[in-house]
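Just below is one structure, and these are the notes that go with it.
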Amino acid sequence: MLSYWRILTATFRQHTTYRTATLAGIFTNSMFGLIRASILLAAIHAAGGELNGYTALQAATYVWLGQALLAPIEAFGTREVAARVHQGDVAVDLLRPLSFLGLFFAQKLGRSSYYLLARGIPPMLIGALLTGLALPEDPLSYPLGVLTIALAITVAFLGDMLVNLAAFWILETRGLTVLYNSVMNLLSGFLIPILWFPPWLLAIARWTPFPSMVQTPIDVLSGRVGPASAIGLIGVQSAWILVLLLAAAVMLRAGARSLEVQGG
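Okay, so the sequence shown: first residue is 1 according to full-length UniProt numbering, each after it adds one.
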């Protein structure tokens with residue numbers, strides 16, 4: 001565990017050196033937050049002040065919490081593992097005295113921790129000043145909300161890892177990455193709350209892990225669901241983590257065997 005902690009902290013420190021990129025990320029995140037907030041607020045105004053249970057303040061909160069989660073969950077995906085597979089560097093990773101998934105998860109947590117603090121919270125504070133935020137009334141919602149963020153990052157990591165591990169069998173994964181990210185950003189509720197979906201699309205979304213990445217932490221942190229319901233949502237997140245972890249382990253094992261067959 002100490003090795004993984006050192007990897008996590010080293011990754012965190014590494015990203016603290018990218019100050020210009022951090023400032024650019026804060027600016028971009030804030031601008032897109034304003035654009036998204038204006039669109040959602042216009043929709044609510046046209047609906048008469050409320051849309052599927054969302055008031056203007058709740059919709060604005062939804063946007064700013066979503067912007068805060070954008071970088072930590074890496075909503076646009078990563079391609080590092082896929083690149084290492086194609087370049088053959090994955091053979092070295094598999095020989096390390098550390099779990100392959102544990103190694104990259106530690107790096108993910110280091111990046112996500114920095115992104116949340118440096119690129120997630122500042123835009124949310126800007127949003128609080130410009131539009132206000134709806135906050136939970138029950139103090140228990142705050143620690144539960146932090147837990148849902150950690151679980152959301154884990155679910156997002158495993159989903160992205162499955163796409164990357166497809167590189168063992170697919171020579172070019174960019175198309176798959178684009179498709180996955182498009183579906184994820186829609187069904188996770190990042191673009192609009194899933195309660196705004198038509199019934200058939202809402203049913204599909206709820207049978208996927210994607211709402212656990214965005215919709216769940218936002219619902220808990222904004223107070224739309226109480227602690228009792230939050231515990232149920234945490235259970236759903238945990239179940240998806242187990243399912244995706246098993247799938248990733250199976251894919252990794254099969255991919256490692258294919259490398260051996262090819263002489264890798």
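Backbone N, C-alpha and C fix where the C-beta goes; we use that ideal spot for every residue, glycine too.
Per the C-alpha coordinates, the member of V220, T20 and T61 positioned closest to Q237 is V220. Residues of the same chain with a CB within less than 8 angstroms of the CB of A254, apart from the 5 flanking positions on each side, are F168 in chain order. Around the Cβ of N52, a 10 Å sphere holds fewer than 16 other Cβ atoms; the residue is exposed. Counted as a single uninterrupted DSSP element, the alpha helix (DSSP H) harbouring W64 occupies residues A56 to L70. In the assembly as shown, M31 is an exposed residue. Its beta-carbon has fewer than 16 other beta-carbons within 10 Å. The stretch 165-191 contains, as complete alpha helix (DSSP H) runs of 4+ residues, the segments 174-187 (chain order).
In this structure, the CA atom of G189 is about 26 angstroms from the CA atom of L23. For E80, the uninterrupted alpha helix (DSSP H) segment begins and ends at E80 to Q87. Per DSSP, the continuous alpha helix (DSSP H) segment holding W5 begins and ends at L2 to T16. Here L51 is bridged, per DSSP, to Y54.
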